[in-house]
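Undergrad: One structure is given below, represented as structure tokens, and several questions about it will come after.
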Amino acid sequence: DVFGYAADDALTVVSVLMLREGRVVDSACYYFGADEIVDHDAFSSFMISFYSTRQIPKSILLPPVLQLDSEGSEGLWLSEKAGYKVTVKTPQRGEARKMVELANENALRAKTVRNARNRQSEEVLEELAQLLSLEVVPERIEAYDISNIGSETIVGGMVVFEDGRPLRSAYKKFNMKTVTGVDDYGSMREMLQRRFSRYQSPEEEDPGFKRLPDLIL
């Protein structure tokens with residue numbers, strides 16, 4: 773596996789190229805805040821998390837900014853978990869160095885695209901705030917709707933956008949408990965009451981309910 777890195781004052785990207793038998797079979801990019809992957813301990817934690825559920829290769833190549841070594845605690849952990857010797861190194865020349873540079877280029881490209889998307893989202897949200905005369909730019913938007921299948925199956929849906937992008941992990945579905953018959957107003961009332969009563973509950977542990985939206989649709 774070959775890791776790459778790119779960062780600016782807004783975003784950090786770690787890219788991974790997965791080589792098997794001399795060819796790239798998969799790749800991925802991981803996004804962090806500007807100050808999240810800045811030291812040895814932070815990257816070490818990322819590596820341990822990354823390989824906790826993946827096959828560990830016999831060789832891992834890193835750029836200089838992400839230095840770890842085979843004999844450090846991370847290298848020993850990787851070898852112990854894999855059941856064979858795992859080499860972790862920062863190549864200085866040759867084909868291995870070129871692969872690290874390629875991984876760095878992937879990280880830089882991903883960072884550029886994500887930053888452009890973020891700027892576009894910010895512009896759209898600022899325009900939305902102006903059109904709706906909102907006091908703040910809506911960082912979190914929640915949208916609700918009701919679906920009736922006959923008169924017995926009534927389901928409410930909540931979708932969430934954060935910073936202009938869908939936050940699918942926070943989507944919720946509500947099966948109506950008190951409404952009978954086709955009553956969209958009553959169903960919407962029940963869904964909103966249940967959603968915001970969960971926000972007010974001190975026992976609530978679901979992070980999807982623990983933040984108030986700036987805009988409800």
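Residue numbers (our numbering): 773 to 989. We put the CB at the ideal spot given by N, CA and C, even for glycine. Note that the structure is predicted; figures quoted are calculated from it, not measured.
Grouping DSSP H, G and I as helix and E and B as strand, with all else coil, what is L791?
TA: If DSSP states are grouped into helix, strand and coil, L791 belongs with the strands.
Undergrad: Can you grab the Cα-Cα spacing for the pair K982 / R937, in whole Å?
TA: Taking the straight line joining both Cα atoms gives about 19 Å.
Undergrad: When the Cα of A854 is compared with those of N876, A875, E907 and S831, which residue comes out closest?
TA: Per the Cα distances, S831.
Undergrad: Let me know the secondary structure DSSP gives A915 once reduced to three states.
TA: Three-state result, A915: strand.
Undergrad: Would you report the Cα separation of V860 and G847, rounded to the nearest angstrom?
TA: Their backbone Cα atoms lie some 7 Å apart in a straight line.
Undergrad: Note down the Cα distance separating I913 from T952, rounded to an integer number of angstroms.
TA: Spanning the two alpha carbons is a distance of roughly 29 Å.
Undergrad: Smallest Cα separation from K883: which of S893, Y802, D773 and K857?
TA: Among S893, Y802, D773 and K857, the Cα nearest to that of K883 belongs to Y802.
Undergrad: Taking C-alpha atoms, which residue in E808, D773 and H812 lies nearest to E793?
TA: The shortest Cα separation from E793 among E808, D773 and H812 belongs to D773.
Undergrad: Check for me: the beta strand (DSSP E) holding A942 runs from which residue to which?
TA: Where A942 is concerned, there is no enclosing beta strand (DSSP E), given that its DSSP letter is neither H nor E.
Undergrad: Look at the Cβ atom of S787, then the Cβ atom of S799, and state whether they are nearer than 8 Å.
TA: A contact, by the Cβ cut-off of 8 Å.
Undergrad: Let me check understanding here. Comparing Cα to Cα, which of V837, L791 and Q965 lies closest to H812?
TA: H812 has its Cα closest to that of V837, out of V837, L791 and Q965.
Undergrad: Quick check on Y856: does DSSP put it in helix, strand or coil?
TA: If DSSP states are grouped into helix, strand and coil, Y856 belongs with coil.
Undergrad: Over the uninterrupted beta strand (DSSP E) stretch that includes A779, give me the two end residues.
TA: Run containing A779: V774 to A779, per the beta strand (DSSP E) assignment.
Undergrad: Output the boundary residues of the alpha helix (DSSP H) element that contains I820.
TA: H812 to Y823 is the span of the alpha helix (DSSP H), which, as asked, contains I820.
Undergrad: Around the C-beta of N876, are 16 or more other C-beta atoms found within 10 angstroms, so that it is buried, or is it exposed?
TA: Answer is buried; the Cβ neighbour count reaches 16.
Undergrad: Run through DSSP, which three-state label would D986 get?
TA: Here D986 sits in coil by DSSP.
Undergrad: Check for me: the alpha helix (DSSP H) holding M948 runs from which residue to which?
TA: Premise fails: M948 is in no alpha helix (DSSP H) and is neither H nor E.
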